[in-house]
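**Student:** Under UniProt numbering, the letters of the sequence shown match residues 1 to 130, in that order.
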Amino acid sequence: MRVITYGLLPMLVGCQQVPGTVDYDLRARMEEAVKGHLKDPESAQFSDVSYYSERNLACGMVNAKNSLGGYTGPKAFAYIEGDAYSTEWGADHNKFLRANHECLAERIKQLRAENPGVKFDDPGPFQPLK
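1. Need the endpoints of the beta strand (DSSP E) that Ala-76 sits in, please.
2. Candidates Lys-75, Phe-96 and Thr-87: which alpha carbon is nearest Glu-81's?
3. Return the CA-CA distance between Gln-45 and Leu-68, expressed in angstroms with no decimal places.
4. Could you tell me the distance, in whole angstroms, from the CA atom of Thr-87 to the CA atom of Asp-23?
5. Between Met-61 and Ser-47, which are expected to be in contact by the criterion C-beta below 8 Å, what is the C-beta distance as a whole number of angstroms?
6. Compute the Euclidean distance between the alpha carbons of Pro-128 and Ser-53, then round it to the nearest angstrom.
7. According to DSSP, is Asp-92 helix, strand or coil?
8. So for Ser-67, helix, strand or coil by DSSP?
9. Check each candidate in Phe-77, Thr-72 and His-93 and name the one with the smallest Cα separation from Phe-126.
10. Which class does Ser-47 belong to by DSSP, given the choice of helix, strand or coil?
11. What distance in whole Å lies between the Cβ atoms of Leu-57 and Glu-114, which are believed to be in contact at a cut-off of 8 Å?
12. By the 10 Å Cβ neighbour count, where 16 or more other Cβ atoms means buried, how is Phe-120 classified, buried or exposed?
13. How many Å lie between Val-13 and Gly-70 at the Cα?
14. Count the other CB atoms within 10 Å of the CB of Asn-100; is the residue buried (16 or more) or exposed (fewer)?
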């Protein structure tokens, strides 16, 4: 009986969702939305992306080729509720800032859970640009 119990343990542990793992469905939706704004979608290189699947939210950097075929350098983007925003492709600044603010708030919640003895300032409510 012990052999069966210990043999099943790794499989049960493997079924748990590990904090910080990527939700591949969210990743695919985010990449599709971001690529829809790029001159050369196939050249997109994503980095420093944080995923918050329970909020349908992702933020990070994307580097892609411009009309001349050169990479522009990493640009910040935020994905929330099916739409991608970046000030680089003419998105409404307030929508980008709100989505980025949501990412920051989720990251702070995550840090608080991982470090219960450390104080992290609350970002407060989002204040749109006037």
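Idealized CB from N, CA, C, for every residue including glycine.
**Tutor:** Reading off the structure:
1. Run containing Ala-76: 75-80, per the beta strand (DSSP E) assignment.
2. For Glu-81, the nearest C-alpha among the options comes from Phe-96.
3. So the two alpha carbons sit approximately 17 Å from each other.
4. Near 25 Å, if we compare the C-alpha coordinates of Asp-23 and Thr-87.
5. Right, their Cβ atoms sit about 5 Å apart.
6. Cα to Cα, Pro-128 sits roughly 24 Å from Ser-53.
7. In the structure shown, Asp-92 sits in coil (DSSP, three-state: anything other than H, G, I, E or B).
8. In this structure, Ser-67 counts as coil in the three-state DSSP scheme.
9. Distance from the Cα of Phe-126 is smallest, within the candidate group Phe-77, Thr-72 and His-93, for His-93.
10. Note: Ser-47 maps to strand in three-state DSSP.
11. Their Cβ separation, rounded to whole angstroms, is 18 Å, which puts Glu-114 and Leu-57 out of contact at 8 Å.
12. Its Cβ having fewer than 16 others within 10 Å, Phe-120 is exposed.
13. Here the model assigns Val-13 a pLDDT of 38, short of 50, so the residue's position is not dependable and the matter cannot be decided.
14. Asn-100 comes out buried.
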